[in-house]
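Residue numbers (our numbering): 307 to 453. A virtual CB, placed ideally from N, CA and C, is assigned to each residue, including glycine.
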Amino acid sequence: MNHRMFHWLLNLYPPYLGAGIRVRRVSPDFREILVEMPLRFFNRNYVGTHFGGSLYAMVDPFYMLMLIKNLGPDYIVWDKAATIDFVKPGKGTVRAHFQLEEKVLQEIKERVQERGKFLPTFTVEVRDTQGEVVARVEKVLYVRRKK
């Protein structure tokens, strides 16, 4: 599947439609993704700021998907763990920018080769339109070669 179809399908994913989450950019090599979410009545909490579950949902699958696309069919990639630190209330539109560098991919391949599996950790920040951090999410993934 090419990056355009991938982008289109992600934007039709029902949990994203329901939360107002939009994928704005997927690079052709699947190494950069930009996601945003405006504050709407259906994704705000009791005090009028972004619902924490929606903030997490907007960042949940992307590093796993990027690794799957970049490592190829010889690897198994799963989400293993995540933590989220809510830094400040989210108001207005928030964005998350995901990047995957070649050196990280090479390190993952090397560690899997050495150890049989590897648990890389990625951090992504959710920022408001002023560039201030709203939430910081740490994702731990599980990667190994298929048998």
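Here the C-alpha atom of glutamate 420 lies approximately 15 angstroms from the C-alpha atom of lysine 452.
Check the Cα spacing between valine 432 and each of Leu411, Ile339, Thr355, Leu361: the tightest is with Leu361. Under the 10 Å beta carbon count, leucine 323 is surrounded by fewer than 16 other beta carbons and is classified as exposed. If you look at valine 393, you'll find it isn't in any alpha helix (DSSP H); DSSP assigns it neither H nor E. Per DSSP, glutamate 444 is one residue of the beta strand (DSSP E) stretching across 439-451.
Counting along the chain, the unbroken beta strand (DSSP E) around glutamine 405 starts and ends at 400-405. Our two residues, arginine 401 and proline 344, have alpha carbons roughly 9 angstroms apart in a direct line. Counting along the chain, phenylalanine 428 sits inside no alpha helix (DSSP H); it lies in the beta strand (DSSP E) bounded by residues 427-434.
Beta-bridge analysis with DSSP links methionine 343 to Val400. The C-beta of leucine 318 has fewer than 16 other C-beta atoms within 10 Å across all chains shown, which makes the residue exposed. Note on geometry: alpha-carbon atoms of glycine 326 and arginine 337 lie some 23 angstroms from one another.
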